[in-house]
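In UniProt numbering, the protein residues as written are 1 to 92. Contents: one structure, followed by commentary.
Printed below as a string of structure tokens:
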């Protein structure tokens, strides 16, 4: 059974791939690019179902992700900000 919702006179599935979800976000004016959706699914911050190599995202989860953001603690945010970003020394 496929669940369809109607928004802006377009038909969308409530469960869709990352690419389809990114297109729907763009059409509805939500600034979530495909790369951000993919990394959020891979890290687990955006709940999704993995089927083979594909992730399927429930639209309600995307809306909750936009409303609530991520649940990172202050320590996780600080460690994320200090990782990488530097230039690696090349030993000759």
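Where is the CB? At the ideal position from N, CA and C, for every residue including glycine.
DSSP state of residue i mapped onto helix, strand, coil
i: residue 51; result: strand
i: residue 18; result: helix
Beta-carbon contacts of residue i that lie in its chain and below 8 angstroms, excluding the five residues immediately before and after
i: residue 19; result: 34
i: residue 16; result: 24, 56, 57, 59
Separation of residue j from residue i, as counted between CA atoms
i: residue 50; j: residue 59; result: 15 angstroms
i: residue 45; j: residue 21; result: 16 angstroms
i: residue 29; j: residue 56; result: 21 angstroms
i: residue 31; j: residue 92; result: 44 angstroms
i: residue 69; j: residue 61; result: 11 angstroms
Residue(s) in a DSSP beta bridge with residue i
i: residue 56; result: 17, 49
Close Cβ partners of residue i (< 6 angstroms) along its chain, the five nearest in sequence each way excluded
i: residue 65; result: 46
Start-to-end residues for the alpha helix (DSSP H) that takes in residue i
i: residue 42; result: 34-43
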